[in-house]
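According to the working numbering, the stretch in the sequence shown is residues 224 to 704, in order.
The structure appears right after this line, and notes come after that.
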Amino acid sequence: MNHWPDCLKNRRCIIEFIISFLPKGGRLNILSSKWKNLRRPPCIRGWIPWIGAGFEFGKTPLEFIEKARIKYGPVFTVIVMGTRMTFVTEEEGINVFLKSKEINFELAVQNPVYHTASIAKNIFLKLHEKLYITVKGKMGIFNLYKFTGQLTEELQEQLQNLGTHGTTDLNKFMRHLLYPVTVNILFKKGLFPTDERKIREFHQHFQAYDEGFEYGSQLPECLLRNWSKSKKWLLALFEKNIPDIKTHKSAKENYPTVMQAVLDLLEMEANEQKSPNYGLLLLWASLSNTVPVAFWTFAFVLSHPNIHRTIMEGISSVFGTAGKDKIKVSEDDLKKLPLIKWCILETIRLRAPGVIARKVLKPVKILDYTVPSGDLLMLSPFWLHRNPKYFPEPDLFKPERWKEANLEKHAFLDCFMAFGSGKYQCPGRWLALLEIQICIILIFYYYDCSLLDPLPKQSSLHLVGVQQPEGRCRIQFKQRK
């Protein structure tokens, strides 16, 4: 399977496109004389200028990274689409990635943010830290209690639409359950449509935007017509609804939503015109990983009967036998069901993002190599989580390994990097974990479920975000009595 969109599958078209943008004098000289005498990591260049190793890398990027590590060692560089990406896979390189002051997160993600949300570099760099602090504060550990009741109520409202029994695709099921819950809580109650046609339209455009996000982060929109159309549709959705989001007051809650806090900051910083763009970023960040994590957690649990049975017994011991009455989920209830949280974290470990990146500001030394300024320094949580040095029996789904983590103190296992690292870890990680915990509890409280298909393979095509399933995975559900 080719990872390139149809418009880029013809190599001649690609070459002609690239040549049209190159200066007449030739090609950029990557090795400036200043650095000629320094030893750089082994470099995989490919045969086409600018494209570099893009064709091979794009086919199965996750497999490419691991094969390159085996062939070239723990540090290697890949040139793709004019970008030098230097991968680190062992302890010394990982320490540089985590601790060096010569590398930068914001400059690594600025260009993708510009392409996917149309936020210019100067605005992004000016606002990023302030917005990060705002969002982190709203969704942090000490504010989770504000979301528990909302999440329980919204999830139960959506589950009422499921019916008493049936068969459905698990991925589709999780989208229909979590899209409206997440949107209504983070933005405003009622923002997610209730009309069937409009619901389908939202799903169509968000899925198109999400599935094309990696291409959209690197390539001109003119080459990605359908993706660009969906991006514009989502921006228009926010353009239309920003005034209502801004003035919305919940009948039950006395505090602003996450998006309202973002809008307040944008107004204070005189950047209100970018409100739809930041709305789009928040939407993508909140849905693109939560849904696949919920999918995989549910699928892993159902494919391990002993774990499934233990979870069902735990839910019954805390909430009683199943009934039609609504239940309330408290923080104390969650503490009595640690296995569910372990399952979610073990799922994230196994389906972690393919890469996280930092921009090299000044040359850094790793082993015997010097990584030049301008490179993207890359670390793969996906492969790091499969290193038996850090995670024994790394390919097995073993939720019990999380007994060793000090989750009471909000600490994960060593070398667990799924939420990023350092100053700018995912600000919504605790809320996402809470949402999936409550989701799993409520589904298993109200329904008996079973898999109709084997656990699907993961797609090997994605580097950004949680890994997606490849192929269908149906479940059968029946309301418990």
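Where a beta carbon is used, it is the ideal one built from N, C-alpha and C, also for glycine.
Per-residue burial, residue i [other beta carbons within 10 Å of its own, 16 or more giving buried]
i: Glu693; result: exposed
i: Asp598; result: buried
i: Arg448; result: exposed
i: Gln427; result: exposed
i: Asn512; result: buried
i: Thr417; result: exposed
i: Ile698; result: buried
i: Ser473; result: exposed
i: Gln383; result: exposed
i: Gly217; result: Since the first residue shown for the chain is 224 and the last is 704, residue 217 is missing from the structure and cannot be characterised.
i: Glu315; result: exposed
8 angstroms contact criterion, which residue i and residue j should meet: CB distance rounded
i: Pro622; j: His608; result: Going by Cβ atoms, the distance from Pro622 to His608 rounds to 14 angstroms, so no, they are not a contact pair.
i: Gln333; j: Phe320; result: 18 angstroms between Cβ atoms; not a contact.
i: Leu457; j: Tyr432; result: 6 angstroms
i: Leu654; j: Leu367; result: 7 angstroms
i: Ile288; j: Cys266; result: That belief does not hold up - the Cβ atoms of Ile288 and Cys266 are roughly 15 angstroms apart, past 8 angstroms.
i: Pro595; j: Met640; result: The Cβ separation is near 24 angstroms, so there is no contact.
Unbroken alpha helix (DSSP H) run spanning residue i, endpoints
i: Val524; result: 513-525
i: Met308; result: Taken as a continuous stretch (DSSP letters only), Met308 belongs to no alpha helix (DSSP H), being part of the beta strand (DSSP E) at 306-311.
i: Pro542; result: Strictly speaking, residue 542 in this sequence is Phe, with Pro absent from that position. Per DSSP, Phe542 belongs to the alpha helix (DSSP H) from 528-542.
i: Thr570; result: 561-573
i: Ile293; result: 284-295
i: Trp339; result: Reading off the sequence shown, one finds Thr at residue 339, where the question assumed Trp. Where Thr339 is concerned, the enclosing alpha helix (DSSP H) stretches over 329-340.
i: Thr593; result: Per DSSP, Thr593 belongs to no alpha helix (DSSP H); it is in the beta strand (DSSP E), 592-594.
Whether residue i touches residue j by CB criterion (7 angstroms)
i: Pro515; j: Ser440; result: no
i: Pro576; j: Gly435; result: no
i: Thr306; j: Leu600; result: no
i: Thr312; j: Pro264; result: no
i: Glu325; j: Lys585; result: yes
i: Val404; j: Leu378; result: yes
i: Val298; j: Leu590; result: yes
i: Gly502; j: Phe542; result: no
i: Leu560; j: Trp625; result: no
i: Phe523; j: Thr470; result: no
i: His331; j: Lys582; result: His is not the amino acid found at residue 331; the sequence shown has Ala there. Their beta carbons are under 7 angstroms apart, which means Ala331 touches Lys582 by this criterion.
i: Cys662; j: Ala517; result: yes
i: Val481; j: Lys294; result: no
Where residue i sits in the DSSP three-state scheme
i: Leu665; result: helix
i: Val481; result: helix
i: His428; result: helix
i: Tyr613; result: coil
i: Glu693; result: strand
i: Thr405; result: helix
i: Phe240; result: With a pLDDT of only 46 at Phe240, under 50, the local geometry of the prediction cannot be trusted, and no value is derived from it.
i: Ser498; result: helix
i: Phe700; result: strand
N- and C-terminal bounds of the beta strand (DSSP E) containing residue i
i: Ala580; result: 579-583
i: Tyr670; result: 670-674
i: His388; result: 388-392
i: Ile302; result: 298-303
i: Tyr355; result: From DSSP, Tyr355 is part of no beta strand (DSSP E) but of the alpha helix (DSSP H) over 344-362.
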